[in-house]
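J.: Per our numbering, residue 8 is the first one in the sequence shown, and the count goes up by one each step. Ideal Cβ placement from N, Cα and C applies to all residues, glycine included. Nothing here was measured: the structure is a model prediction, and the numbers come from that model. Dropping a structure here in structure tokens format, bear with me for questions.
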Amino acid sequence: MRIDKYLWSTRYFKTRNIATTACKKGQVKVNGKVVKPSREVYAMDTIVVRKNQINYELTVLDIPKSRVGAKLVDIYRKDTTPKEAFEKDELLKFSKDYYRKKGTGRPTKRDRREIDNYLDPEDDFFQRDRLEEE
């Protein structure tokens, strides 16, 4: 079975086209070598798939005839992904929280006015005096 079809049938990718694209980008390795989507997969091959910044490592146990249900996936592959890969993903999520929240990138008009008043409070004071004199 082709590698792209295998990854699709064992539910690593939603569509076969996405699996093919991942192979073309070099995100799939079989036995340590980057492969084309047409590469045949056999039992006991080791596959490394880079998806969502995680390197999933799996061993082919058997070849399915077609796409299998989520409960039956473990019959056809053995997942040997180290736990450190998932821990790194958790750390990435925490590091992203450190930066500004989404949608708060640019200051609003009100924020800008508050910043200007904070930086130049004297100018604002003189403007108020002029308005009171008039």
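Excluding the 5 residues preceding and the 5 following S45 in the sequence, name in chain order all residues of the same chain whose CB lies nearer than 6 Å to its CB.
T.: As a working mapping, residue 45 is identified with position 38 in the sequence shown. Taken in chain order, the residues that qualify are R9.
J.: What are the partner residues of I54, as DSSP defines its beta bridges?
T.: Here residue 54 refers to the residue found at position 47 when the sequence shown is read from its first residue. In the DSSP output, where bridge partners are listed per residue, I54 has V37 and L65.
J.: In or out: I122 buried (at least 16 other Cβ within 10 Å) or exposed?
T.: For the purposes of this step, residue 122 is identified with residue 115 of the sequence shown, where counting begins at 1. Exposed, because fewer than 16 other Cβ atoms sit within 10 Å of the Cβ of I122.
J.: Residues in the same chain with beta-carbon distance under 7 Å from R85, minus the five sequence neighbours each way, listed in chain order, please.
T.: Your numbering for residue 85 matches position 78 in the sequence shown. The amino acid occupying residue 85 in the given sequence is Lys; Arg does not appear at that position. The residues are L65, T66 and L68.
J.: With DSSP run on the structure shown, which of helix, strand or coil describes R23?
T.: The residue labelled residue 23 in the question sits at position 16 within the sequence shown. Here R23 sits in helix by DSSP.
J.: Put R120 into one of helix, strand or coil per three-state DSSP.
T.: For the purposes of this step, residue 120 is taken as residue 113 along the sequence shown, with counting starting at 1. Note: R120 maps to helix in three-state DSSP.
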